[in-house]
Each structure stands twice: as structure tokens, then as C-alpha cells.
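Chains as they are written, first to last, in our numbering: chain Z, 1 to 398; chain A, 1001 to 1398.
Cβ coordinates follow ideal geometry from the N, Cα and C atoms, glycine included.
There are 2 protein chains.
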Amino acid sequence: MQKSFEVLGSARESKARRGRLTTARGIIDTPAFMPVGTQGSVKGVSPRELRELDAQIILGNTYHLFVRPGLDVIKHFGGLHKFMNWDGPILTDSGGYQIFSLSKLRKITEDGVEFQNHIDGARAFISPEIAIETQAALGGDIVMALDECIPYPSEYDYAAQSAEMTTRWAKRCKEANVQRSTSNAQRPTSETDSINSQLSTLNQLLFGIVQGGTFGDLRKQSAQAIVELDFDGYAIGGVSVGEPEEEMMRAVESAEPFLPKDKPRYAMGLGTPPQLLEMIARGMDMFDCVLPTRLARNGTAFTDTGTLNLKNAEFARDKRPIEENCVCSACRGFSRGYIRHLVKAEEILGLRLITLHNLHFYLELMNRARAEIERGTIDQFRKAFVANYKTRDETMIE
Amino acid sequence: MQKSFEVLGSARESKARRGRLTTARGIIDTPAFMPVGTQGSVKGVSPRELRELDAQIILGNTYHLFVRPGLDVIKHFGGLHKFMNWDGPILTDSGGYQIFSLSKLRKITEDGVEFQNHIDGARAFISPEIAIETQAALGGDIVMALDECIPYPSEYDYAAQSAEMTTRWAKRCKEANVQRSTSNAQRPTSETDSINSQLSTLNQLLFGIVQGGTFGDLRKQSAQAIVELDFDGYAIGGVSVGEPEEEMMRAVESAEPFLPKDKPRYAMGLGTPPQLLEMIARGMDMFDCVLPTRLARNGTAFTDTGTLNLKNAEFARDKRPIEENCVCSACRGFSRGYIRHLVKAEEILGLRLITLHNLHFYLELMNRARAEIERGTIDQFRKAFVANYKTRDETMIE
Chain Z
1 MQKSFEVLGS ARESKARRGR LTTARGIIDT PAFMPVGTQG SVKGVSPREL
51 RELDAQIILG NTYHLFVRPG LDVIKHFGGL HKFMNWDGPI LTDSGGYQIF
101 SLSKLRKITE DGVEFQNHID GARAFISPEI AIETQAALGG DIVMALDECI
151 PYPSEYDYAA QSAEMTTRWA KRCKEANVQR STSNAQRPTS ETDSINSQLS
201 TLNQLLFGIV QGGTFGDLRK QSAQAIVELD FDGYAIGGVS VGEPEEEMMR
251 AVESAEPFLP KDKPRYAMGL GTPPQLLEMI ARGMDMFDCV LPTRLARNGT
301 AFTDTGTLNL KNAEFARDKR PIEENCVCSA CRGFSRGYIR HLVKAEEILG
351 LRLITLHNLH FYLELMNRAR AEIERGTIDQ FRKAFVANYK TRDETMIE
Chain A
1001 MQKSFEVLGS ARESKARRGR LTTARGIIDT PAFMPVGTQG SVKGVSPREL
1051 RELDAQIILG NTYHLFVRPG LDVIKHFGGL HKFMNWDGPI LTDSGGYQIF
1101 SLSKLRKITE DGVEFQNHID GARAFISPEI AIETQAALGG DIVMALDECI
1151 PYPSEYDYAA QSAEMTTRWA KRCKEANVQR STSNAQRPTS ETDSINSQLS
1201 TLNQLLFGIV QGGTFGDLRK QSAQAIVELD FDGYAIGGVS VGEPEEEMMR
1251 AVESAEPFLP KDKPRYAMGL GTPPQLLEMI ARGMDMFDCV LPTRLARNGT
1301 AFTDTGTLNL KNAEFARDKR PIEENCVCSA CRGFSRGYIR HLVKAEEILG
1351 LRLITLHNLH FYLELMNRAR AEIERGTIDQ FRKAFVANYK TRDETMIE
């Protein structure tokens, strides 16, 4: 089988890599940022705008789509790509994180998790097999194993047992995925199989997830165990869940050496702009984060020197764009003062413009990082960027 | 002075006309619909999308902009066009309607109106002269006289006195406007005059407004008095304020015969799709209405056969576009089922898509009406459209 991931180059002074991930629906240049399309839509942004932003891949949240509109509806429309009119790559998560963070009444057993969804309280059950089945129905190009996401802080013993169950679940996900691919390849195609769903199923990449809390040795063990199962890519889960930044870095640094170099590494749920560069330096290739979109809806914009809260009175008469020399559609057409007016007036265009700018900022940051890795200058770039960037409280992920 | 309005053709069986209105920033083909940009933004829509919809002119609400962000801010940014990044024609209203409908503590005298704005209660005062000055600062291409908008229902005597004061205010608006144009033409241009503001002031069209409540004779008298003052166009104000539709029609029919044929007629605040066609048949040329944008945000879409409430369960699995054969960007890319999902999930893209469809529907209806007038078939078109269109309760303007 052709390898889906290729390392094109590495940095000398850090573990940064330049890579290319090939999926059925397109190529992703890494390091890459994935805008989050939680409920089948990247909040406030149209598919056309995503293409204009040069987003190469987006993320879909399986839990949210499972709850609403439901799998039957999405299958009826021929899968998530068709439903939301995005024909580029999609990575779906397993649903695990939201089940552990959003739903009520969770009963976790070896089998899986019983829960009541947060919208209407209907009971449901997820298992490794169901997570694979569900993501196959959605038709994502990259799917994730079901993992147990432990809270922060967690006791050592609990983290250890949980990481071991995550490994057993990962094995079941792998087996369910192989079974599915095999049976799909064998059965005759029918009229109800859209070309799209056949495409997805045959070429779906499956990533395993490393857990272990903030404990270095558990992270190492989890990484080794997951790698032994041989996935198409490896994610670091259970980070950025409220732990101090140093512990987050340590969790990644403890796992990374045991992840194969020739597979993509995905730091789930990360991060702020400086954190992305720090993670790239630690050998991570892929990221997803709601910060650029969520903070936009709060009137906050990202720039090279930190965030701006555009609601502040200081911007009322500011004729400048959000960021000088930014080529996004917000900065090319609109002033800070106008955007501030829109935000204060609760006009939808305000949050649209900041969202477009923030996504452009994140995607362009990855673009710059990729270029700097190619040029061998990523470490200088990272140090200069981080030194220049003033982190303010509003970037704390809620 | 060159005439700004030209009648290109008329219907035989009704008073419908095909016209062309020339402003400093562009031509408006009439009959025309003006999307409403209440707070300096057509809700949910970007200027690029307005251009793609072929909107030729939009409306700005002077009252709202006066309250927030305030005139100083807009002047600082070089006028409303620059502030909102729309370089096409803008019609601004005088502020009268919102002062009478939204603000608190109104004291109406011959001089003007004292009020407290609805956002922070700050006291302010508007007069005919201030209304002209304010609209000059905004830089609209078409500005409106300040009128007194009476509630429905109103007693005959009150309606009569109010209409007479509206006429006296109209005269003061005209004089203030002439004075302003004269003094601007005479004074040397300075660096602080943007080319834009010079352009607006020299070429601003001023429309007078006919009042008179639901009383036919008062409407006639008001029309005659306003016309005698010689404005660039004539609006029918104080309609669609809660009165039955027949009374609205009668109000227009009572005034129209006394409006000159060679000036544009603007039915303020109208209407539903059938109402627009009925008004066109009664000799109206221009319309503004929040229905297409407001109902979109409630999940309601317009079609040739009436409105659809896309939140309804019946659309959950509907793969069709909002309207078959509609070429708007929503119908070309998205299904009813997906849009319904977005609306139920409170995703911004949902209301964006319905808004784009609804504005396209309204603007295309005007486009069709113009073509039918040119072909001499407008009356058949109107009858067929009205017969086919099922009005439902949700189209009642709140």
C-alpha cells in the first residue's frame, strides 16, 4: 500500500518537519491547521470562504453530528462532505472528547460509554466499533480511534488504567476498521453506495491516540502500545484540558520520541499561535483548535504581536486594518473602527470579518512555518515570533 | 440641471413604469428594491455579496447610525460609503420613522423632536435642518426630508395637522439643502473634504414624503403640497404601519395621481412580494423592506409559491434547494435539509444562506418585473404571480 505520509524535510535545531499527507480528497501540506466545523459548519464561514482561505482540511465533530442532525440524516444526504458542500479532506474525531466533556450521566465500562446527550438527554452508547461505524457513515477522510479522555488533574493510577483501556479500545477500532474495509471491498457495489462513500471507506486513514495524562512514563507507555498497533497517524490526546503549559509540553515531549517519524503527529485541540510553533518544534504536524473562530465571535482578533479585543474603545476611530500587511478579505476592505462598530452593534458581519481574519492568520502562520522549515530557518522564526507575541488572558481556552 | 430620473416605458393596463434613476455613484434601474443596511451593514451580508446579488442601491438608517457609532465617527472615516466599504448608491432616511417608533420620551414641536435614544437614553434633538445636516455628513446619494410619522390608527384631525407640519418641515429641509449645496459650491475645497463627500454633497438627491394617514383627501392634499415644493423624488410614508392592506393600497392610490410622472415614487417600508407587484402596478418605483433579511434570520425563505419555514421537520431530509431553478449561491450549493440543520443548530451559515436567497429572490423579482414592463406583459405577470403566491402569517411585518 502506498504510504499516505511523506516527510519532505526536517529542521536541524528542533524536531520540526515539513510533510505531505495524501488523502482520497486531496493533499495536506504539514504542518497544517484544521479549522473546526463542529456542527457541520465552520462557524460563520462558507465552504467558498474556506477554499479562498486555502484551508486544505477541516475537522468535523462526530458527537455533535451524531446528536444533531443524526447519522441517518447525514447518510441520507450521502455523507458529511455532500451535506455541507465541502469536497476537500475532512478529519472526524471519534466523539470521545465531547462525550466525556459535554454529555451527562456517563457510565464507562470495558465495552464502551453510556451517555445522555446534552441537547435533549436521549440515551446513547458508544463503543470502539460504533465509533468506527459512525465515522464511516460520516465519510471522513481521516478518522480517529475512540479513546477515554480523562479530566485534569487525574490520579496516577486512574491515568494508567485509562491509558491501558484506551489501548484496548484502539485495538478494537483497528480491527473494526479492517473488517469494514475488507467487507466493503468484497461486496458488490449497489446503487445506494454513492461514489463518495465508496471513496471514503476504501481510503479512510485511521489515527490512534496517545493518552497518559501528565505522567511522562504513562505517556511513553501509551505511545509505545498505540504504535505497536500500527495506525496511519498518531495523535496526542488529553492535552490542553486545563493543565499548565509546561505540563502540556512535557506530555508531548514524553510521547514524541516513541512515535514513528514517517507518520503524521496530530496534537489535538491545540493551540495559541506560539503554542503551535512550539509544538511544531517538538515534532507535531497537525492541529485543530476553536480559538480563531471562537475568539472572533467575542470580538478578538489575532496578530503577530498578540490579540486585539476589537470591542475596546481605543479602536473606535482606528482606520487601520486589523493587521497591517495582512491580505485577508477583512484587512483588505475594512477598518478596525468599522469592525468594532459591527461587533458593538451585534452585526453578524463583524464576527464574520474577524473569523475570516483569524483563520487566515492561523493558516498563514502554518504557511510561513512550512516555508521556514524548507529554508532551514524555522527555529529563528519561532523564537522571533514567540518573543514578539504578547499573550493576553483572553486566549485562555474556556 | 440634468434630470436624474427618466421613464423608459409604461404599462398599458396599469400604472407600472420602467425607469432609470441616475445618482453620483451609479444608476438604479426601476422598479428597484433596496436592501436595508440598518446599522451600516445589511444584516449578515458583505458588500461583496451585495455586488454579486446585483443590488444597485442600499438603504442606511440615519437614526441608528446617529445613535451608534455616531456622526463624528462616520465623518472621521470619510462618510458612510467608506465606513462600510460600499461604493454604490446609498439612500438614507431622515431618522424620523425610528424616532417615532423606537425612541423614548418624544416631545414634538414645530421646531422638531426631542427624544431619548433607545440604546442608552441619551437626549437628542432632530429638526428638518439637523436631518439634512446629518444626512449630508453620512454622504448618502439620496436623502429624505424629515416627516412626522403618525401611528395607526390616528384621528382625522391629528393626521391632518401632522401632514401640514410635515409639509412645513419639508420646505425647511429643501431650504436647508439648497443652502448647503450653495455654500459648498462657493467655499474653497479643503484637504478635509474627501472627494467622496464633495461628490455626495453636490449630487445628493432629496426626496419629499407624502403623509396623511389612511384618509384619501389628506393624502391628496399632502401630495399636492409636497409636489409644489419640487423634490427630486416623492415617497409615500406612513404605510405598512399596521393598517389593513386595502387601506394601504387606498393611501397610495389617493396620493399617486398627484405625483409627477417624471419623478421616481418610493413606497417606504414595503413590502411582501405580492405587495411589491401591486405597488408597481399603482405607479411606485422604489421599495425598501426588512422582510427578506429579517425573516431569513427566523429561518423563513421566500419562493414563488409563498414562504417556507425551513425549521419545519418536513424539510429535515429534503435534498432540494430552497427553490428549484433559483440561481442564488444558497440554492446552487446547499439543500433545504442542510440549511434546516444549520438553523436548528443556530449556525450562522444558516441565516447567511437564507438571507442570500431571500435578497436574490426580491432583487430578481424586480428584475423580472422590469423585463415584463419592457415586454408589455407586466399585468399578466402580476396576476399570475399573486395567484400563485400563498401568503402565510409569518410574513406579517412585526
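Whose Cβ in chain A lies nearer than 8 Å to the Cβ of Y338(Z)?
Within 8 Å Cβ-Cβ: G1040, F1077, F1083, M1084 and N1085.
If the cut is a Cβ gap below 7 Å, which residues of chain Z does H1360(A) touch?
Residues of chain Z passing the Cβ test: none, with the nearest at roughly 15 Å.
When we look at the beta-carbon of Q135(Z) and count the other beta-carbons within 10 Å, is it buried (16 or more) or exposed?
Burial call: buried.
With 9 Å as the threshold, decide whether the Cβ of E1319(A) is near any Cβ in chain Z.
It is worth fixing the name first, because residue 1319(A) is Lys in this sequence and not Glu. Yes, because at least one Cβ of chain Z sits closer than 9 Å to the Cβ of K1319(A).
I348(Z) CB to nearest chain A CB: under 9 Å?
Answer yes: the Cβ-Cβ gap between I348(Z) and chain A drops below 9 Å somewhere.
On a CA-only basis, which of C149(Z), K43(Z), L218(Z) and Q116(Z) is nearest Y156(Z)? Give me that one, please.
Checked all of C149(Z), K43(Z), L218(Z) and Q116(Z); the closest Cα to Y156(Z) is L218(Z).
Who are the Cβ neighbours of I1209(A) in its own chain at under 6 Å, not counting the five residues just before and after it?
Cβ neighbours of I1209(A) beyond the five flanking positions: A1145, D1147, A1235 and G1237.
If you draw a straight line from the C-alpha of V143(Z) to the C-alpha of P89(Z), how long is it?
Taking the straight line joining both Cα atoms gives about 11 Å.
With a cut-off of 8 Å, do at least 3 Cβ pairs link the segment 1382 to 1393 of chain A to the segment 1018 to 1030 of chain A?
Flag = no, the segment 1382 to 1393 of chain A and the segment 1018 to 1030 of chain A do not touch.
For K107(Z), which residues does DSSP report across the bridge?
Bridge partners of K107(Z): E114(Z).
Evaluate V1178(A) with the Cβ neighbour count: other Cβ atoms within 10 Å of its Cβ, from every protein chain shown; 16 or more gives buried, anything less gives exposed.
So V1178(A) counts as exposed.
Note down, in chain order, each residue of its chain lying with its Cβ closer than 7 Å to the Cβ of K344(Z), except the 5 sequence neighbours on either side.
Around K344(Z): K311.
Use the C-beta contact count for V327(Z): other C-beta atoms within 10 angstroms, 16 or more gives buried, fewer gives exposed.
When all chains shown are included, V327(Z) counts as exposed.
Taking contact to mean 3 or more Cβ pairs, one atom from each stretch, closer than 8 Å, check whether the segment 1042 to 1054 of chain A and the segment 1063 to 1077 of chain A are in contact.
At 8 Å Cβ cutoff, the stretches do not touch.
Going by other Cβ atoms of all chains shown within 10 Å of its Cβ, with 16 needed for buried, is D1054(A) buried or exposed?
Exposed: under 16 other Cβ atoms inside 10 Å.
Is there a Cβ from chain A that is less than 9 Å from the Cβ of R352(Z)?
So, interface residue.
Pull out every residue of the segment 292 to 312 of chain Z whose Cβ sits closer than 9 Å to any Cβ of chain A, in chain order.
Going along the segment 292 to 312 of chain Z in chain order, one finds R297 with a Cβ nearer than 9 Å to chain A.
Locate the alpha helix (DSSP H) running through V178(Z), then write down its first and last residues.
Y156 to Q186 is the span of the alpha helix (DSSP H), which, as asked, contains V178(Z).
Taking Cβ-Cβ distances shorter than 7 Å, what residues in chain Z pair up with F1334(A)?
Those within 7 Å of F1334(A) in chain Z are N85.
For the segment 16 to 71 of chain Z, which segments carrying the alpha helix (DSSP H) assignment without a break, of at least 4 residues, lie completely within its bounds, in sequence order?
For the segment 16 to 71 of chain Z, whole alpha helix (DSSP H) runs of length 4 or above, ordered along the chain, are 47 to 52 and 62 to 67.
Can you give me the Cβ contacts of D318(Z) inside the same chain, cut-off strictly under 7 Å, excluding the 5 residues immediately before and after it?
Closer than 7 Å at Cβ, skipping near neighbours: S335, R336 and G337.
Residues in its own chain within less than 7 Å of M248(Z) by CB, not counting five upstream and five downstream?
Result list for M248(Z): V239 and S240, in chain order.
Using the C-alpha atoms, what's the distance from M165(Z) back to P128(Z)?
If I take the Cα positions, the gap works out to 11 Å.
Where P1244(A) and G96(Z) are concerned, what is the direct C-alpha to C-alpha distance, given to the nearest angstrom?
Their backbone Cα atoms lie some 56 Å apart in a straight line.
Between which residues of its own chain and A1267(A) is the CB-CB distance below 6 Å, once the five residues before and five after are set aside?
Closer than 6 Å at the Cβ level, and outside the excluded window around A1267(A), lie I1236, M1279, M1284 and F1287.
Classify K1174(A) as buried or exposed, calling it buried when 16 or more other Cβ atoms lie within 10 Å of its own Cβ.
Burial call: buried.
Could you tell me which whole alpha helix (DSSP H) segments of length 4 or greater appear in the segment 352 to 398 of chain Z?
Listed in chain order, they are 378 to 388.
Could you check the C-alpha separation between T38(Z) and N117(Z) for me, to the nearest Å?
Cα to Cα, T38(Z) sits roughly 15 Å from N117(Z).
By a C-beta neighbour count over all protein chains shown, 10 Å radius and 16 as the cutoff for buried, is N1358(A) buried or exposed?
Classification for N1358(A): buried.
How far does the beta strand (DSSP E) with I322(Z) in it reach, from first residue to last?
Element bounds for I322(Z): n/a, residue is neither H nor E.
Hey, could you find the ends of the alpha helix (DSSP H) T272(Z) is sitting in?
Premise fails: T272(Z) is in no alpha helix (DSSP H) and is neither H nor E.
Would you mind working out which of D1087(A), A1170(A), E1324(A) and S1101(A) sits nearest P1151(A), comparing C-alpha positions?
For P1151(A), the nearest C-alpha among the options comes from S1101(A).
Against V1290(A), what residues of chain Z qualify as contacts under a CB-to-CB distance less than 9 Å, listed in chain order?
Per Cβ cutoff of 9 Å: no residues; V1290(A) is ~14 Å from chain Z at best.
Roughly how far, in whole angstroms, is the beta-carbon of A1032(A) from the beta-carbon of I1057(A), given that I think they are within contact range, below 8 Å?
That pair is a contact at about 7 Å.
Where does T134(Z) fall in DSSP's three states?
Residue state, collapsed to three classes: helix.
Given a threshold of 16 other Cβ atoms within 10 Å of its Cβ, counted over all protein chains shown, does I119(Z) qualify as buried or as exposed?
By the 10 Å Cβ count, I119(Z) comes out exposed.
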